[in-house]
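**Q** The sequence shown begins at 49 in the working numbering and counts up one residue at a time. Ideal placement from N, C-alpha and C gives every residue a C-beta, glycine not left out. Structure incoming, see below.
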Amino acid sequence: MNLSYTTAIILQALANGYQYGFDIIDVTGLPSGTVYPALRRFEDTDLVTSRWESEEIAGNEQRTPRRYYELTKQGHQALAEALRRYRALENLFAVEKKPRPTDA
Numbered sequence: 049m050n051l052s053y054t055t056a057i058i059l060q061a062l063a064n065g066y067q068y069g070f071d072i073i074d075v076t077g078l079p080s081g082t083v084y085p086a087l088r089r090f091e092d093t094d095l096v097t098s099r100w101e102s103e104e105i106a107g108n109e110q111r112t113p114r115r116y117y118e119l120t121k122q123g124h125q126a127l128a129e130a131l132r133r134y135r136a137l138e139n140l141f142a143v144e145k146k147p148r149p150t151d152a
């Protein structure tokens with residue numbers, strides 16, 4: 049599966065322990081209109097699973113329940129593949145730049 053750079057960032061956030069939408073939005077700086085649809089697609093393609101926290105826990109903290117996401121085995125594999133691909137892309141552009149001819 050070829051993930052975009054943006055979706056790879058979301059999976060990396062999940063791998064780093066950020067488990068719910070607002071947390072992912074906060075750490076990545078991505079808008080909710082990007083994060084939430086991506087999480088739904090990930091769930092549809094079995095890259096993540098999700099569960100709702102209990103109403104009791106949310107109520108004790110005086111907020112609505114959070115939906116927690118977790119990478120599946122396939123999600124970890126897709127992330128590893130994306131990291132290799134983007135690392136290769138970074139290395140491609142890390143090659144020393146050719147000097148530009150000066151305008152005289």
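1. Across which residues does DSSP place V96 in a beta bridge pair?
2. Would you mind working out which of L78, T54, T55, R88 sits nearest Y116, comparing C-alpha positions?
3. Could you check whether Q122 and D94 sit closer than 8 Å to each other, using their CB atoms as the reference points?
4. Say the cut is 7 Å; is the CB of K121 nearer than that to a heavy atom of the ligand MG?
5. Excluding sequence positions up to five away, which residues of its chain have a Cβ less than 7 Å from the Cβ of A86?
6. Measure from the alpha carbon of G81 to the alpha carbon of each residue in D92, G69, V75, then state which is nearest.
**A** With the given structure in hand:
1. L119
2. R88
3. yes
4. Judged by which ligands are present, the structure shown has none, so any question about the ligand MG falls away.
5. Only T55, I58 meet the Cβ criterion.
6. G69
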